[in-house]
Structures are given as C-alpha cells and as structure tokens.
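Mapping the first sequence onto the numbering used here, position 231 (from 1) lands on 232, and the numbers just tick up by one.
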Amino acid sequence: MAESVRVRFAPSPTGHLHVGGARTALFNWLFARHHGGASLLRIEDTDRDRSTDEAIHQILDAMTWLGLDWDREGPEDDGAYAGYFRQTSRLETYRAHAARLLIEGRAYRCYCTPDDLDARREAAQARGETFRYDGRCRDAAPRPGVPAALRLRIPDTGTTIVPDLIHGDVAFDRATLDDWILVRSDGTPTYNFCVVVDDVTMKITHVIRGNDHLSNTPKQILCYEALGYPQPVFAHIPMILGPDRKRLSKRHGATSVLAFRDEGFLAQAMVNYFARLGWAHGDQEIFTRDELVRLFDIRQVGSTPAIFDRVKLEWLNQVWMKKLAEDPEGRRRLATQELAPYVERLGIAAPREELLLATVVNLGERTRTLAEMAEQGRFYFVAPTGYDPVAAGKLLRPATAAHLDRLLRRLDGLDAWDAATLEGAFRQLASELEVKLVDLAQPVRLALTGRMASPPLFGVMADLGRDEALRRLRALRQAVPGA
RNA sequence: GGCUCCAUCGUCUAGCCCGGUCUAGGACACGGCCCUCUCAAGGCUGAAACACGGGUUCGAAUCCCGUUGGAGCCA
2 MAESVRVRFA
12 PSPTGHLHVG
22 GARTALFNWL
32 FARHHGGASL
42 LRIEDTDRDR
52 STDEAIHQIL
62 DAMTWLGLDW
72 DREGPEDDGA
82 YAGYFRQTSR
92 LETYRAHAAR
102 LLIEGRAYRC
112 YCTPDDLDAR
122 REAAQARGET
132 FRYDGRCRDA
142 APRPGVPAAL
152 RLRIPDTGTT
162 IVPDLIHGDV
172 AFDRATLDDW
182 ILVRSDGTPT
192 YNFCVVVDDV
202 TMKITHVIRG
212 NDHLSNTPKQ
222 ILCYEALGYP
232 QPVFAHIPMI
242 LGPDRKRLSK
252 RHGATSVLAF
262 RDEGFLAQAM
272 VNYFARLGWA
282 HGDQEIFTRD
292 ELVRLFDIRQ
302 VGSTPAIFDR
312 VKLEWLNQVW
322 MKKLAEDPEG
332 RRRLATQELA
342 PYVERLGIAA
352 PREELLLATV
362 VNLGERTRTL
372 AEMAEQGRFY
382 FVAPTGYDPV
392 AAGKLLRPAT
402 AAHLDRLLRR
412 LDGLDAWDAA
422 TLEGAFRQLA
432 SELEVKLVDL
442 AQPVRLALTG
452 RMASPPLFGV
462 MADLGRDEAL
472 RRLRALRQAV
482 PGA
C-alpha cells in the first residue's frame with residue numbers, strides 16, 4: 002500500500018462494548034498493525050440523549066483490556082483514555098461542510114415537515130408504492146426564517162458501485178436511493194453525513210465496519226462525490242449472530258466484553274476467538290497476538306455471518322490458561338495478575354503466591370474460566386467447610402475408619418513429604434490392606450478438598466504441606482461414625 | 001414492502017477467485033477406546049456438511065441463472 006494506512010473504530014457510547022463491536026475493533030486494529038498504519042478511535046456521540054460518559058469509559062476500558070490500543074491524535078481531554086475524537090466536538094466541521102455543499106448547489110434546503118413526509122409516506126403505502134423523497138424542494142424558493150432540512154442532491158439515474166474488499170463490487174441502482182437528509186431542520190447533522198465528514202477529515206484510508214452498514218454506503222459515496230473527496234476503501238465484515246441466527250443481543254446472554262472479563266475469560270482467548278470468527282489461517286486455531294498481527298489479511302475475511310459460540314470460547318480460554326501455565330513467566334502472571342482477584346472475590350484475603358501457582362498449574366486443564374478455577378481451587382487456601390454429600394454418604398462409614406487410622410500412622414512416620422514419597426506410601430498400604438488405590442485415595446481426597454474430583458491427590462498433599470494435610474485428614478476421621 | 005448481503009458437518013471454518021489433487025480437510029461440541037488415584041488433559045477413533053433446481057463443461061463444492069431459506073438497511 003502506497004499511502005500509509007489509517008483506520009478507525011467508531012462506537013457510539015450508548016451501551017457497553019459488545020462482542021460484535023469488539024470484533025470490528027479487533028479487525029481494524031489488526032489491519033492497522035499489520036500494515037504499520039494508524040488506528041484511531043472516534044466516539045459517535047451525536048445522539049446526545051442516549052450517549053453517556055459512563056458508556057465511553059466502559060468501551061475504552063474494554064478495549065484497553067483486550068489490548069486494542071489506538072493512536073492518540075485526538076484532544077487530550079480525558080485523562081488516561083485521552084486521544085480519541087468525539088463527534089460532538091466536531092460540530093463546527095459538519096456545519097462548514099454542509100454550508101459548502103449548499104453554496105455549491107450539491108445540497109438544497111427542504112421545507113417539507115416531518116408531518117408532510119409522514120403523510121406522503123402513508124399515501125404511497127396505500128397505493129402500494131415504496132416511498133422515496135421526490136425531490137420537490139430541489140428548486141424551491143428560499144423561505145427565510147422557515148426551518149429547513151438540508152438534503153443531498155443525488156443523480157436520478159445510473160448505478161453507484163460500492164467497491165468492497167470482502168464483497169467485491171456491490172451495485173445500487175440510484176433510482177432506489179433518494180435525496181437524503183444531511184442536516185435536520187433543527188440543525189443537527191445526520192449519522193451518515195457525520196461519518197463521511199469525519200472519515201474524510203481524519204484521512205481514513207480504509208473503512209472496516211460491520212455488514213449492517215453496507216446499505217448506507219452508496220449514500221455515503223454519493224456524499225464523497227458531492228464533496229469532491231476521494232473515497233476510502235471499504236470492507237464490510239460479516240455480522241455476529243446469536244444461536245437463533247438473529248443479530249446478537251442481550252437476549253442471547255452475555256454479550257458485553259466486560260461481562261466476559263468478569264466471568265474470568267482471558268483477553269488473549271477473547272482476541273483469539275474473535276479473530277477466528279470470519280477469518281481463518283488454514284487449520285490453525287491458536288494464535289498469539291503477534292501471530293495475528295503478522296498473518297491477518299482482511300481479504301481473507303469471509304462473507305458469511307457467524308454465530309457466536311460460547312462453548313468454543315470456553316475451550317479456547319482453557320487452552321490459553323493451560324498454555325500460560327506452561328512457562329514460569331506466564332504462570333506467575335496468570336497466578337498473581339489474573340487469578341488472584343477471583344480468589345479474593347471468594348473471601349480469601351491475600352492468597353499465598355505458591356498456592357496461587359499450584360492452583361494455576363493444576364486447575365488450568367480442569368477448568369474453563371478463572372472464576373471456575375478459583376472456585377475449584379478454593380481448597381488450596383481454606384480447608385473444606387463441608388463434604389460433598391454423595392461422597393460423604395459413600396465414604397464416611399465405619400469401614401473407612403480403620404483404613405484411615407492405618408494411613409494416619411503411616412503418614413506420621415514419613416520422613417519426606419513430596420508427591421513421590423506419598424504415592425509410594427499409599428500404594429504400599431493399599432497392597433497391604435488388599436484394597437485398590439482408589440479406595441484409599443478417595444476418602445483422603447474428600448478430606449483435603451471436600452470433593453470427589455480434584456487435581457492429582459499426592460500433588461495436592463504436597464502443595465498443602467504436611468501439617469495442613471494431616472489436619473484435614475484428622476478432621477475427616479472425626480466425622481467418620483464408629484470406631 | 002423496496003434494496004442489499006449471505007448459503008460447506010449442530011457450530012467456527014479449509015477448499016471456491018485460478019473447475020479435476022475432495023471417497024470434502026481441521027477445530028469445538030457429541031459417542032467409543034486407550035491412559036489413569038478421582039476429575040480433567042492427552043492420544044486414537046466414530047458419527048456428522050457442499051440448501052434445492054437448472055445450465056456451462058469431458059468434468060462443478062468450485063463458474064452462470066433461478067428457487068428457497070436466513071440476515072441487514074431503508075421505510
């Protein structure tokens with residue numbers, strides 16, 4: 002690409018950053034980073050009734066969490082998140098462009114009131130026709146003092162082509178388009194007009210956005226032409242749908258990116274998942290951020306809408322938790338940065354780092370989210386407060402008592418307290434008692450973790466330490482009736 | 001309703017642009033087996049798709065047309 006790439010992500014701050022928006026943001030970011038270009042952020046807050054600062058911060062928080070940093074060219078007016086553009090701070094620019102179009106005759110004042118328009122629309126419908134503005138004010142005499150909307154004068158005939166990186170050339174018959182409103186009679190600029198003016202003045206080279214904007218694009222292209230500005234390259238990426246194939250929304254459960262963070266998903270897993278929605282690189286499923294930047298190619302993005310599959314996301318999250326736990330550095334970060342807050346949320350203050358590490362190492366392959374990991378790893382930090390009722394019913398019987406007593410004596414006599422030694426002792430005793438290892442192990446597992454399922458028992462005993470392990474064993478022994 | 005987009009296993013997708021290598025590949029989920037102190041993870045394995053109908057062609061998942069279905073935008 003000859004000129005340097007400049008893209009933008011343009012959310013409207015009327016709610017949280019949802020899954021679809023995040024994927025759009027990611028594709029823009031990847032495209033920019035891949036080409037060494039700039040990635041800008043524009044907040045489309047012209048709908049003042051529905052836009053809130055709260056939403057802006059949530060969106061920025063989510064983007065920061067996902068690691069989608071933007072190039073800071075905008076005003077430095079918002080602390081940590083500075084450097085983005087707000088449409089409401091650009092109203093003067095829209096006004097100037099509107100004035101120019103009016104003077105040059107590319108736009109005209111329309112005195113039709115909303116009521117007029119509604120009536121004409123209904124009449125058209127009654128006749129079974131599709132209503133389009135008929136251009137009746139194109140040559141209307143100026144009526145000073147009368148509120149007027151500003152409409153773009155578009156050609157009556159011909160075809161407007163939207164050249165699109167993903168869909169190829171998409172043709173729209175201009176006869177199906179009409180002279181659309183640039184500025185409402187109350188003076189507020191419309192969405193499509195702001196977008197064009199913004200993209201032009203921000204020197205955006207590639208507009209990467211959701212497919213839901215494709216239908217608006219011919220109107221925008223006509224506006225570029227009226228303004229005499231070059232068009233950016235368009236890429237309309239397929240939308241993300243819910244399991245019912247409808248546009249993804251709250252009805253489908255969590256769609257807010259921050260909600261996923263809250264549930265204990267890793268940003269890396271989210272990014273990996275989003276990238277694979279609509280894009281693929283052969284058979285590869287797991288991508289690091291760097292790999293994505295290197296391999297991402299917008300032209301390889303498919304054109305089919307994708308259904309959001311939480312189960313696969315969960316799988317990816319597990320893969321990433323396991324992956325991070327593999328090397329010392331990742332393990333430490335996963336334990337102290339990612340997992341710790343979830344453990345603390347369980348009411349465990351200042352969890353010890355070595356236990357956090359043990360949790361991460363052992364529960365990474367057993368759980369799918371950090372919240373789940375904390376929950377299932379709780380026993381590392383605190384003794385069980387009760388036993389799984391089914392297991393208790395099965396295991397807390399007199400027959401177990403004798404075995405436990407033998408075991409306790411055996412463990413007391415151990416010089417070392419490591420997984421290998423413990424396993425040896427258990428196996429030895431099991432064969433002496435002529436029982437299966439599992440029969441000896443399960444009561445102990447219940448004592449230490451409160452559950453029937455846990456990470457490998459001997460590792461758990463070692464991680465807990467001799468004193469704590471024996472304490473929990475004796476506690477269970479007390480609970481065994483008889484003997 | 002008008003316009004536009006989309007159509008490969010239940011889901012994400014590879015293949016489609018540059019027809020033959022496709023008895024259509026991978027992944028998630030699901031079943032079986034192995035491993036095993038539990039649960040997982042892992043390994044092996046099974047079931048599972050080119051929406052339909054016409055063309056074009058020696059040959060179509062791949063190109064063209066239509067139908068059906070889904071979605072989005074505008075109203």
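Backbone N, C-alpha and C define an ideal beta-carbon position, used for all residues, glycine too.
**Asked** For THR450, does the three-state DSSP call read helix, strand or coil?
**Response** Your numbering for residue 450 matches position 449 in the first sequence. In the structure shown, THR450 adopts helical secondary structure according to DSSP, grouped into three states.
**Prompt:** ALA1: which of LEU434, ALA141, ALA359 sits nearest, CA to CA?
**Reply:** Because residue 1 is not part of the residues shown, which for the chain are 2 to 484, the question remains open.
**Prompt:** Buried or exposed: where does GLU373 fall if 16 or more other Cβ atoms within 10 Å of its Cβ makes it buried?
**Reply:** As a first step, residue 373 must be located in the first sequence, where it is residue number 372. When all chains shown are included, GLU373 counts as buried.
**Asked** Is DSSP giving SER216 helix, strand or coil here?
**Response** Position 215 of the first sequence, counting from 1, holds the residue named residue 216. The answer is helix: DSSP assigns SER216 an H, G or I state.
**Asked** So, helix, strand or coil for THR161, using DSSP?
**Response** By one-based count along the first sequence, residue 161 stands at place 160. THR161: strand per DSSP, three-state reduction.
**DSSP-derived helix/strand/coil call for LEU183** = Within the first sequence, the letter at position 182 stands for residue 183. If DSSP states are grouped into helix, strand and coil, LEU183 belongs with the strands.
**Asked** Exposed or buried, ILE162, counting other C-beta atoms within 10 Å across all chains shown (16 or more means buried)?
**Response** If you number the first sequence from 1, residue 162 lands on position 161. Its Cβ having fewer than 16 others within 10 Å, ILE162 is exposed.
**Prompt:** Are the beta-carbon atoms belonging to ILE182 and ALA150 less than 8 angstroms from one another?
**Reply:** On the first sequence, residue 182 is found 181 positions in, with the first residue counted as 1. On the first sequence, residue 150 is found 149 positions in, with the first residue counted as 1. In this structure, ALA150 lies closer than 8 angstroms to ILE182 by Cβ.
**Asked** With respect to the alpha helix (DSSP H) encompassing GLY37, which residues constitute its N-terminal and C-terminal limits?
**Response** As a working note, residue 37 is residue 36 in the first sequence. First-last for GLY37: undefined, no H or E at that position.
**Message:** Report the start-end ranges of each alpha helix (DSSP H) in the segment 56-139 that is 4 residues or longer and not cut off at the edges.
**Reply:** 92-104, 115-127
**Separation of ALA141 from ARG133, as counted between CA atoms** = Taking the first residue of the first sequence as position 1, residue 133 is located at position 132. Taking the first residue of the first sequence as position 1, residue 141 is located at position 140. Rounded to whole angstroms, ARG133 to ALA141 spans 18 angstroms at the Cα level.
**Asked** In terms of residues, what are the limits of the alpha helix (DSSP H) holding HIS404?
**Response** Taking the first sequence and counting its residues from 1, the one referred to as residue 404 is at position 403. 399-413 is the extent of the alpha helix (DSSP H) around HIS404.
**Message:** Among the candidates ARG144, SER216, GLN126, whose CA atom is the shortest distance from the CA of ASP170?
**Reply:** For the purposes of this step, residue 170 is taken as the residue at position 169 of the first sequence. Ranking the options by Cα distance to ASP170, first place goes to SER216.
**Item:** Whole-Å CB distance - THR15 paired with SER52, under 8 angstroms assumed
**Value:** Along the first sequence, one-based indexing puts residue 15 at 14. Along the first sequence, one-based indexing puts residue 52 at 51. Confirmed, Cβ separation roughly 6 angstroms.
**Request:** Give the DSSP bridge partners of SER257, in chain order.
**Result:** Position 256 of the first sequence, counting from 1, holds the residue named residue 257. Paired residues: HIS19.
**Close beta carbons around PHE275, own chain, < 7 angstroms, minus the five adjacent residues each side** = By 1-based counting over the first sequence, the position of residue 275 is 274. Hits under 7 angstroms: ALA23, ARG24, LEU27.
**Message:** So MET322 and LEU267 are supposed to be a Cβ contact under 8 angstroms. How far apart are they, rounded?
**Reply:** Along the first sequence, read from residue 1 onward, the residue named residue 322 stands at position 321. Along the first sequence, read from residue 1 onward, the residue named residue 267 stands at position 266. Rounded, the Cβ-Cβ distance is 7 angstroms, consistent with contact.
**Message:** If I follow the unbroken beta strand (DSSP E) through GLY1, where does it start and stop?
**Reply:** Nothing can be reported for residue 1, as the shown portion of the chain is limited to 2 through 484.
**Asked** Which one of LEU447, LEU405, GLU292 has the shortest CA to CA distance from LEU430?
**Response** Start at 1 with the first residue of the first sequence, and residue 430 comes out as number 429. Comparing Cα-Cα distances from LEU430 to each of LEU447, LEU405, GLU292, the minimum goes to LEU405.
**Request:** Kindly indicate which residue of SER5, TYR112, LEU61 has the alpha-carbon position closest to the one of HIS17.
**Result:** Here the question's residue 17 lines up with position 16 in the first sequence. For the residues SER5, TYR112, LEU61, the minimum Cα distance to HIS17 belongs to LEU61.
**Message:** Can you list, in chain order, the residues of its chain with a C-beta nearer than 7 angstroms to that of ASP468? Leave out the 5 residues immediately preceding and following it.
**Reply:** Locating residue 468 in the first sequence gives position 467, counting from the first residue. Answer for ASP468: no residue qualifies.
**Prompt:** Three-state secondary structure (DSSP) at ALA393?
**Reply:** Along the first sequence, one-based indexing puts residue 393 at 392. Helix, per DSSP.
**Cutoff 8 angstroms; reference LEU358; Cβ partners in own chain excluding five residues on either side** = Numbered from its first residue, the first sequence carries residue 358 at position 357. Within the same chain, LEU358 has close Cβ partners ARG332, ARG333, ALA336.
**Message:** Using C-beta distances below 7 angstroms, list every residue in its chain close to GLU74, excluding the 5 sequence neighbours before and after it, in chain order.
**Reply:** Locating residue 74 in the first sequence gives position 73, counting from the first residue. Apart from the 5 residues on each side of it in sequence, GLU74 sits with its Cβ closer than 7 angstroms to the Cβ of LEU41, GLY84 in its chain, given in chain order.
**Asked** Taking the alpha carbon of PRO145 as the point to measure from, which residue in CYS111, GLU123, LEU178 has its own alpha carbon closest?
**Response** One-based indexing of the first sequence puts residue 145 at position 144. Considering only alpha carbons, the answer is CYS111.
**Asked** Secondary structure at LEU267, three-state DSSP: helix, strand or coil?
**Response** Taking the first residue of the first sequence as position 1, residue 267 is located at position 266. Correct three-state label for LEU267: coil.
**Message:** Which residue marks the beginning of the alpha helix (DSSP H) containing ALA149, and which one marks its end?
**Reply:** In the first sequence, the residue the question calls residue 149 occupies position 148. It is not in any alpha helix (DSSP H) - ALA149 carries neither H nor E in the DSSP assignment.
**Asked** Exposed or buried, which one is GLY451 when buried takes at least 16 other CB atoms within 10 Å?
**Response** Counting from one through the first sequence, the residue named residue 451 turns up at place 450. Buried, since its Cβ has 16 or more Cβ neighbours within 10 Å.
**Prompt:** Just how far apart, CA to CA, sit THR47 and VAL184?
**Reply:** By one-based count along the first sequence, residue 47 stands at place 46. By one-based count along the first sequence, residue 184 stands at place 183. Each residue's alpha carbon lies about 12 angstroms from the other.
**Asked** What did DSSP end up calling GLY169 once you bin it into helix, strand or coil?
**Response** Counting from one through the first sequence, the residue named residue 169 turns up at place 168. Strand, per DSSP.
**Request:** Return the CA-CA distance between ALA125 and THR131, expressed in angstroms with no decimal places.
**Result:** For the purposes of this step, residue 125 is taken as residue 124 along the first sequence, with counting starting at 1. For the purposes of this step, residue 131 is taken as residue 130 along the first sequence, with counting starting at 1. Computed Cα separation, rounded: 6 angstroms.
**Request:** Have a look at GLY38 and SER5 and give me their C-alpha separation to the nearest angstrom.
**Result:** Residue mapping note: residue 38 aligns to position 37 of the first sequence, counting from 1. Residue mapping note: residue 5 aligns to position 4 of the first sequence, counting from 1. About 6 angstroms.
**Prompt:** CA-CA distance, LEU259 and HIS36?
**Reply:** For the purposes of this step, residue 259 is identified with residue 258 of the first sequence, where counting begins at 1. For the purposes of this step, residue 36 is identified with residue 35 of the first sequence, where counting begins at 1. Roughly 28 angstroms between the two C-alpha positions.
**Message:** Would LEU153 and ALA227 be called neighbours here (beta carbons separated by less than 8 angstroms)?
**Reply:** For the purposes of this step, residue 153 is identified with residue 152 of the first sequence, where counting begins at 1. For the purposes of this step, residue 227 is identified with residue 226 of the first sequence, where counting begins at 1. Yes, they are a contact pair.
**Request:** Go ahead and pull the three-state DSSP assignment for ASP54.
**Result:** Taking the first residue of the first sequence as 1, we reach residue 54 at position 53. Three-state DSSP puts ASP54 in a helix.
**Exposed unless 16 or more other CB atoms sit within 10 angstroms - verdict on ASP180** = By one-based count along the first sequence, residue 180 stands at place 179. ASP180 is buried by the Cβ-count criterion.
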